[in-house]
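Notes for the one structure printed next.
In the working numbering, the protein residues as written are 15 to 193.
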(Lines of atoms letter the chains of each structure in order from A and count residues from 1; the text may use other names and numbers.)
(Lines give C-alpha, C1' and ligand atoms only; values in the text may rest on other atoms or scores of the structure.)
Protein backbone atom coordinates (compact mmCIF):
# COMPACT_ATOMS: atom_id res chain seq x y z
CA UNK A 1 0.00 0.00 0.00
CA UNK A 2 1.41 3.40 -0.94
CA UNK A 3 0.80 6.75 0.78
CA UNK A 4 -1.80 7.79 -1.78
CA UNK A 5 -4.13 4.86 -1.11
CA UNK A 6 -5.17 6.37 2.22
CA UNK A 7 -6.48 9.52 0.50
CA UNK A 8 -10.16 10.15 0.04
CA UNK A 9 -11.53 9.34 -3.42
CA UNK A 10 -11.99 13.06 -4.14
CA UNK A 11 -8.39 13.89 -3.18
CA UNK A 12 -7.09 10.91 -5.15
CA UNK A 13 -8.94 11.97 -8.31
CA UNK A 14 -7.73 15.56 -7.91
CA UNK A 15 -4.12 14.37 -7.56
CA UNK A 16 -4.58 12.10 -10.58
CA UNK A 17 -5.64 15.09 -12.67
CA UNK A 18 -2.56 17.02 -11.49
CA UNK A 19 -0.09 14.10 -11.77
CA UNK A 20 1.78 15.62 -14.73
CA UNK A 21 3.44 18.04 -12.32
CA UNK A 22 4.71 15.26 -10.04
CA UNK A 23 7.78 13.05 -10.26
CA UNK A 24 7.48 9.70 -12.00
CA UNK A 25 7.50 7.65 -8.77
CA UNK A 26 4.69 9.71 -7.26
CA UNK A 27 2.85 9.66 -10.57
CA UNK A 28 3.04 5.85 -10.69
CA UNK A 29 1.90 5.58 -7.07
CA UNK A 30 -1.10 7.82 -7.73
CA UNK A 31 -2.04 5.84 -10.84
CA UNK A 32 -1.74 2.56 -8.94
CA UNK A 33 -3.84 3.91 -6.06
CA UNK A 34 -6.52 5.11 -8.48
CA UNK A 35 -6.57 1.73 -10.24
CA UNK A 36 -6.91 -0.04 -6.88
CA UNK A 37 -9.70 2.35 -5.83
CA UNK A 38 -11.71 1.70 -8.98
CA UNK A 39 -11.07 -2.04 -8.97
CA UNK A 40 -12.32 -2.23 -5.38
CA UNK A 41 -15.26 0.10 -6.08
CA UNK A 42 -16.30 -1.95 -9.10
CA UNK A 43 -16.61 -5.07 -6.96
CA UNK A 44 -19.50 -3.46 -5.07
CA UNK A 45 -21.01 -1.48 -7.95
CA UNK A 46 -24.23 -2.42 -9.67
CA UNK A 47 -24.45 -4.07 -13.06
CA UNK A 48 -24.55 -2.26 -15.35
CA UNK A 49 -22.24 0.39 -14.03
CA UNK A 50 -24.06 3.41 -12.64
CA UNK A 51 -24.17 6.44 -14.92
CA UNK A 52 -22.45 8.52 -12.24
CA UNK A 53 -19.46 6.18 -11.89
CA UNK A 54 -19.28 5.69 -15.66
CA UNK A 55 -19.10 9.47 -16.22
CA UNK A 56 -16.54 9.86 -13.44
CA UNK A 57 -14.17 7.30 -14.95
CA UNK A 58 -14.75 8.62 -18.47
CA UNK A 59 -13.98 12.20 -17.40
CA UNK A 60 -10.67 11.09 -15.90
CA UNK A 61 -9.84 8.87 -18.89
CA UNK A 62 -10.58 11.20 -21.80
CA UNK A 63 -7.87 13.88 -21.46
CA UNK A 64 -4.93 11.54 -22.10
CA UNK A 65 -6.48 8.04 -22.30
CA UNK A 66 -4.26 6.85 -19.46
CA UNK A 67 -3.31 3.15 -19.47
CA UNK A 68 -4.34 2.68 -15.85
CA UNK A 69 -7.88 3.78 -16.61
CA UNK A 70 -7.79 1.87 -19.89
CA UNK A 71 -7.27 -1.28 -17.84
CA UNK A 72 -10.37 -0.37 -15.81
CA UNK A 73 -12.37 -0.07 -19.07
CA UNK A 74 -11.02 -3.41 -20.29
CA UNK A 75 -12.04 -5.02 -16.99
CA UNK A 76 -15.55 -3.55 -17.28
CA UNK A 77 -15.94 -4.71 -20.89
CA UNK A 78 -14.66 -8.23 -20.18
CA UNK A 79 -17.00 -8.56 -17.20
CA UNK A 80 -19.95 -7.27 -19.25
CA UNK A 81 -20.55 -4.50 -16.71
CA UNK A 82 -21.58 -1.75 -19.15
CA UNK A 83 -25.02 -0.89 -20.46
CA UNK A 84 -25.37 -0.77 -24.27
CA UNK A 85 -25.32 3.04 -24.33
CA UNK A 86 -22.16 3.02 -22.18
CA UNK A 87 -20.52 0.58 -24.58
CA UNK A 88 -21.31 2.96 -27.45
CA UNK A 89 -19.94 5.94 -25.54
CA UNK A 90 -16.62 4.26 -24.79
CA UNK A 91 -16.44 2.96 -28.38
CA UNK A 92 -16.76 6.49 -29.77
CA UNK A 93 -14.57 8.10 -27.08
CA UNK A 94 -11.55 5.81 -27.16
CA UNK A 95 -9.02 5.09 -29.85
CA UNK A 96 -7.26 2.45 -27.73
CA UNK A 97 -6.40 -0.69 -29.66
CA UNK A 98 -7.03 -2.90 -26.62
CA UNK A 99 -10.41 -1.35 -25.88
CA UNK A 100 -11.43 -1.74 -29.53
CA UNK A 101 -10.33 -5.39 -29.38
CA UNK A 102 -12.36 -6.05 -26.24
CA UNK A 103 -15.39 -4.27 -27.69
CA UNK A 104 -15.19 -6.44 -30.82
CA UNK A 105 -15.01 -9.59 -28.70
CA UNK A 106 -17.90 -8.30 -26.57
CA UNK A 107 -20.05 -7.61 -29.66
CA UNK A 108 -19.36 -11.01 -31.19
CA UNK A 109 -19.91 -12.85 -27.90
CA UNK A 110 -23.33 -11.23 -27.76
CA UNK A 111 -23.91 -12.36 -31.34
CA UNK A 112 -22.97 -15.92 -30.38
CA UNK A 113 -25.18 -15.78 -27.28
CA UNK A 114 -28.08 -14.86 -29.58
CA UNK A 115 -27.17 -17.83 -31.82
CA UNK A 116 -26.51 -15.51 -34.76
CA UNK A 117 -24.17 -16.81 -37.46
CA UNK A 118 -20.71 -15.26 -37.84
CA UNK A 119 -19.92 -13.76 -41.21
CA UNK A 120 -16.64 -14.15 -43.03
CA UNK A 121 -15.66 -10.65 -41.85
CA UNK A 122 -16.45 -11.57 -38.22
CA UNK A 123 -14.16 -14.59 -38.48
CA UNK A 124 -11.42 -12.55 -40.17
CA UNK A 125 -11.52 -9.96 -37.39
CA UNK A 126 -11.44 -12.58 -34.65
CA UNK A 127 -8.51 -14.38 -36.28
CA UNK A 128 -6.69 -11.07 -36.57
CA UNK A 129 -7.01 -10.36 -32.84
CA UNK A 130 -6.36 -14.01 -31.93
CA UNK A 131 -9.71 -14.59 -30.19
CA UNK A 132 -9.41 -18.33 -30.63
CA UNK A 133 -11.69 -19.48 -27.82
CA UNK A 134 -14.61 -17.46 -29.20
CA UNK A 135 -13.94 -18.84 -32.69
CA UNK A 136 -13.82 -22.38 -31.32
CA UNK A 137 -17.10 -21.88 -29.50
CA UNK A 138 -18.75 -20.46 -32.64
CA UNK A 139 -17.56 -23.40 -34.73
CA UNK A 140 -18.71 -25.92 -32.13
CA UNK A 141 -22.16 -24.31 -32.13
CA UNK A 142 -22.30 -24.21 -35.93
CA UNK A 143 -22.33 -20.41 -35.93
CA UNK A 144 -20.03 -19.83 -38.89
CA UNK A 145 -21.45 -19.42 -42.36
CA UNK A 146 -19.91 -21.50 -45.16
CA UNK A 147 -17.87 -18.60 -46.49
CA UNK A 148 -16.59 -17.85 -43.00
CA UNK A 149 -15.27 -21.40 -42.58
CA UNK A 150 -13.07 -20.83 -45.63
CA UNK A 151 -11.06 -18.34 -43.54
CA UNK A 152 -9.60 -21.23 -41.54
CA UNK A 153 -6.52 -22.63 -43.23
CA UNK A 154 -3.75 -25.01 -42.30
CA UNK A 155 -1.03 -23.05 -40.50
CA UNK A 156 2.47 -22.85 -41.92
CA UNK A 157 5.45 -24.47 -40.19
CA UNK A 158 6.73 -22.14 -37.49
CA UNK A 159 3.65 -19.93 -37.68
CA UNK A 160 2.60 -18.18 -34.49
CA UNK A 161 -0.23 -19.99 -32.64
CA UNK A 162 0.12 -23.01 -34.91
CA UNK A 163 -1.69 -25.39 -32.51
CA UNK A 164 -4.67 -23.06 -32.12
CA UNK A 165 -4.89 -22.42 -35.84
CA UNK A 166 -4.67 -26.14 -36.68
CA UNK A 167 -7.35 -26.95 -34.13
CA UNK A 168 -9.65 -24.29 -35.62
CA UNK A 169 -8.90 -25.47 -39.16
CA UNK A 170 -9.78 -29.06 -38.26
CA UNK A 171 -12.92 -27.99 -36.44
CA UNK A 172 -14.06 -25.82 -39.37
CA UNK A 173 -13.29 -28.62 -41.84
CA UNK A 174 -15.10 -31.18 -39.65
CA UNK A 175 -18.19 -28.99 -39.23
CA UNK A 176 -18.21 -28.31 -42.97
CA UNK A 177 -18.22 -32.03 -43.77
CA UNK A 178 -20.80 -32.91 -41.12
CA UNK A 179 -23.09 -29.89 -41.72
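We put the CB at the ideal spot given by N, CA and C, even for glycine.
For residue 57, the enclosing alpha helix (DSSP H) begins and ends at 38-58. In the DSSP assignment, residue 152 forms no beta bridge with any residue.
As DSSP reads the structure, residue 158 sits in a beta bridge with 132. Take residue 138, set aside five residues on each side of it, and the residues of its chain with a beta-carbon closer than 7 Å to its own are 165, in chain order. Taking C-alpha positions only, residue 60 is separated from residue 101 by approximately 16 Å. At a Cβ-Cβ threshold of 8 Å, residue 63 and residue 90 count as neighbours. Scanning 80, 131, 104 for the CA closest to the CA of residue 117 turns up 104. Listed in chain order, the non-local C-beta contacts of residue 183 below 8 Å within the same chain comprise 166, 167, 168, 169, local neighbours out to five positions each way being set aside. At least 8 Å separates the beta-carbon of residue 131 from that of residue 112. Beyond the five residues adjoining it in sequence on each side, residue 70 comes within less than 8 Å, by CB distance, of 27 in the same chain, given in chain order. In this structure, residue 152 lies away from residue 133, with their beta-carbon atoms at least 8 Å apart. By the CB criterion at 8 Å, residue 158 and residue 186 fall inside the cutoff. Between the alpha carbons of residue 79 and residue 181 lies a distance of about 37 Å.
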